[in-house]
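Chains as they are written, first to last, in the numbering used here: chain H, 1 to 322; chain R, 1001 to 1307.
Right under this line is the structure:
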């Protein structure tokens, strides 16, 4: 019987990641930013208490704001974790060693992704105490937090896969990092601008227009549509984002925006994962699919360089630096 | 153990490996020699299932390389010429990671790692970070990594490149040890003399083609048939040259008290010359084959097509 053991890549990634000083730093920064936002908002509210009174909606407002910021933070942390997953191994010259083990390309890609997701989940769990503040004020159910976490997870998976895909596509980590961030930026901001632009030049009602569907790519829109109880607060805080949000009043579509978002993300994830796996598989069952003469030629040059010892300089540099 | 048949690898118009065929018997050390860029690395990468050949086939222990890559990976231990390490892992964690990647159960890993560290003389570095090891130690660690799954065939791409003489000797000793353990080894180098010391067979490759594939003895004999002898004397150089001339040889002063003499013949002819020199009371210090003999053979066989 096959016993359940931690995949070696997963184990190694966790060990390496938690060993470096970067992890506590990222967690501290992450929580610091969330904490400052919460306290800042609370402070502003308290300042205005004289004019508006301290209403029962403070809790939900803080909650909604926190979830948005957390989503944005996750969006920006995830590509950093995955965009160097594969080409980082290649740059470090450890990838061949990995490929000649019994680990399949599928296992390498999936476990690299899981390792990054594990870290994101750690960040989310670490943020729970900040969310706890919301409970001082009430108005938020535990199930609301659960729904939001599903959006986080879907977003983290999608952005993580985009990062991994870029890391298999580009040779250099910096390039894949930049491209991943550009894609993430497009999904977070570009889709809204594009949707607003399309809506501006179209005469159809918003819910049936292509503008609406483009906005569904945006995880912020998905998040906005998943709030069942705090929808009203969104009007105040992220009015602009409500562009694509279906509220009970205008819900004449079969699916809510978050459902569209999940479906689109699912398709993107499966598609990009497949391409990544095919690209990594040197001689396996998918290798016939990667008949790109161009890329092979580059490989040949690389082999030639290896053979002729041109890369010796790199090794020596490494040595002297270590 | 290994059969390679008409193996080709081309990238567009460029042919890296051209109809390469050779055999490696079980338990032997096969030296794969060729100038830089001859196709050694490409061939080894194909055998290690990291590259798909354009045509041709290869079998390791009866299994075809491209048909069952997973099975081949279990049979083969591959050490690339350039490799990196995970700098945030310790030596034992590094080996544990690769053992796990080869599907070795956790209970067996500790024993395997202990044995390998012992074999590679790295036991004292078990707790050290991989990054802190010297190049020679990293090379030995990588060799240990190839052995975690107890492969029958080892493919080592220039394992001694960039090492200092001491580390080279250590690697050579380890390879001898591995041979005595019954492993079949393919080892590449661009230095023929380095391989003749430990290999049983040598294949010389150039521009993707196998120029010679023969037992080392044959290659050495080939070099013996027309070689240069190095004769060192204390003094009386002119007299020595005269004496050799009487025997029909042409010797020249190479440097200082060393004479170089082209020689065609067998070992009894050599013995005859030594006797004659000693009888004539020439103060002979050494009489040896020139070290450059094997290099000459290598230069002759590989005509320098690849630069």
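Note that CB positions come from ideal geometry on N, CA and C, so glycine has one too.
For clarity, every value in this text was computed on a predicted model and none was experimentally measured.
Buried or exposed by the 16-neighbour rule on C-beta atoms within 10 Å, applied to residue i
i	result
residue 1022 (chain R)	buried
residue 1086 (chain R)	buried
residue 1132 (chain R)	exposed
residue 12 (chain H)	buried
residue 1181 (chain R)	exposed
residue 1278 (chain R)	exposed
residue 137 (chain H)	buried
residue 135 (chain H)	exposed
residue 1315 (chain R)	Lying before the first or after the last residue shown, residue 1315 (chain R) is absent from chain R, which here runs from 1001 to 1307.
residue 1266 (chain R)	exposed
residue 1125 (chain R)	buried
residue 250 (chain H)	The pLDDT assigned to residue 250 (chain H) is 47, lower than 50, so where the model puts this residue is not dependable; a value taken from the coordinates is nonetheless given after this. Burial call: exposed.
residue 93 (chain H)	buried
residue 18 (chain H)	exposed
residue 1262 (chain R)	exposed
residue 269 (chain H)	buried
residue 70 (chain H)	buried
residue 8 (chain H)	buried
residue 201 (chain H)	exposed
residue 1138 (chain R)	buried
residue 1154 (chain R)	buried
residue 1009 (chain R)	buried
residue 235 (chain H)	With a pLDDT of 42 at residue 235 (chain H), under the threshold of 50, the modelled position of that residue is not reliable, and no figure is offered here.
residue 1288 (chain R)	exposed
residue 1247 (chain R)	exposed
residue 1011 (chain R)	buried
residue 44 (chain H)	exposed
residue 82 (chain H)	buried
residue 1264 (chain R)	exposed
Beta-carbon separation (whole angstroms), residue i vs residue j, contact threshold 8 angstroms
i	j	result
residue 78 (chain H)	residue 160 (chain H)	5 angstroms
residue 1151 (chain R)	residue 1244 (chain R)	The Cβ separation is near 52 angstroms, so there is no contact.
residue 103 (chain H)	residue 1101 (chain R)	5 angstroms
residue 283 (chain H)	residue 1069 (chain R)	5 angstroms
residue 1135 (chain R)	residue 1120 (chain R)	That belief does not hold up - the Cβ atoms of residue 1135 (chain R) and residue 1120 (chain R) are roughly 14 angstroms apart, past 8 angstroms.
residue 1057 (chain R)	residue 1051 (chain R)	The Cβ separation is near 14 angstroms, so there is no contact.
residue 225 (chain H)	residue 257 (chain H)	4 angstroms
Option nearest residue i by Cα separation, candidates the options
i	options	result
residue 6 (chain H)	R:1258, R:1127, R:1081 and R:1104	R:1104
residue 174 (chain H)	H:201, H:122, H:136 and H:91	H:91
residue 1227 (chain R)	R:1063, R:1246, R:1235 and R:1251	R:1251
residue 1098 (chain R)	R:1073, R:1121 and R:1244	R:1073
residue 281 (chain H)	R:1041, R:1010 and R:1066	R:1066
residue 1235 (chain R)	R:1286, R:1167, R:1174 and R:1161	R:1286
residue 84 (chain H)	H:186, H:181, H:220 and H:214	H:181
residue 266 (chain H)	H:151, H:224, H:193 and H:30	H:151
residue 1148 (chain R)	R:1231, R:1161, R:1108 and R:1128	R:1108
residue 272 (chain H)	H:39, H:14, H:166 and H:140	H:166
C-beta atoms of residue i and residue j nearer than 8 angstroms
i	j	result
residue 1030 (chain R)	residue 1203 (chain R)	yes
residue 1190 (chain R)	residue 1035 (chain R)	yes
residue 1015 (chain R)	residue 1007 (chain R)	no
residue 114 (chain H)	residue 27 (chain H)	no
residue 1192 (chain R)	residue 1298 (chain R)	yes
residue 1089 (chain R)	residue 1116 (chain R)	no
residue 227 (chain H)	residue 144 (chain H)	yes
residue 1091 (chain R)	residue 1122 (chain R)	yes
residue 75 (chain H)	residue 219 (chain H)	yes
residue 148 (chain H)	residue 35 (chain H)	no
residue 41 (chain H)	residue 65 (chain H)	yes
residue 1260 (chain R)	residue 1290 (chain R)	yes
residue 1176 (chain R)	residue 1198 (chain R)	yes
residue 1186 (chain R)	residue 1156 (chain R)	yes
residue 223 (chain H)	residue 191 (chain H)	no
residue 105 (chain H)	residue 214 (chain H)	no
residue 176 (chain H)	residue 169 (chain H)	yes
residue 1239 (chain R)	residue 1273 (chain R)	no
Any non-hydrogen atom of the ligand SAH closer than 7 angstroms to residue i Cβ
i	result
residue 123 (chain H)	Although the ligand SAH was asked about, the structure shown includes no ligands whatsoever.
Using a Cβ cut-off of 7 angstroms, which residues of the stretch 1110-1144 of chain R contact any Cβ in chain H, in chain order? 1131 and 1135
Next on the checklist: Give me the subset of the stretch 1064-1080 of chain R whose CB atoms are less than 7 angstroms from a CB atom of chain H, sorted by chain position.
Outcome noted: Cβ contacts with chain H come from 1066, 1069, 1070, 1073, 1074, 1078 and 1080.
- Determine which residues of the stretch 1245-1262 of chain R have a Cβ less than 8 angstroms from any Cβ of chain H, and write them out in chain order. none
Problem - chain R contacts made by the stretch 151-184 of chain H, where a contact means CB separation under 8 angstroms - result: Hits within the stretch: zero.
Pull out every residue of the stretch 255-283 of chain H whose Cβ sits closer than 8 angstroms to any Cβ of chain R, in chain order. 282 and 283
Check: For the stretch 1002-1032 of chain R, which residues have a CB atom closer than 8 angstroms to at least one CB atom of chain H, in sequence order?
Finding: 1011, 1012, 1014 and 1016
Note down, in chain order, all residues in the stretch 1036-1049 of chain R with a beta-carbon under 8 angstroms from any beta-carbon belonging to chain H.
1036, 1037, 1038, 1039, 1040, 1041, 1042, 1045, 1048 and 1049
- Item | Residues within the stretch 6-24 of chain H neighbouring chain R, beta-carbon criterion of under 9 angstroms | 6, 7, 8, 9, 11, 12, 15, 16, 17, 19 and 20
Checklist entry - Can you list, in chain order, the residues of the stretch 98-109 of chain H whose Cβ is nearer than 8 angstroms to any Cβ on chain R? => result For the stretch 98-109 of chain H, the set of positions with a beta-carbon nearer than 8 angstroms to some beta-carbon of chain R reads 98, 99, 100, 101, 102, 103 and 104 in chain order.
- Interface residues of the stretch 64-97 of chain H facing chain R [CB-CB below 7 angstroms]: 92, 93, 94, 96 and 97
Using Cβ-Cβ distances below 7 angstroms, what residues of the stretch 1162-1194 of chain R are close to chain H?
1162
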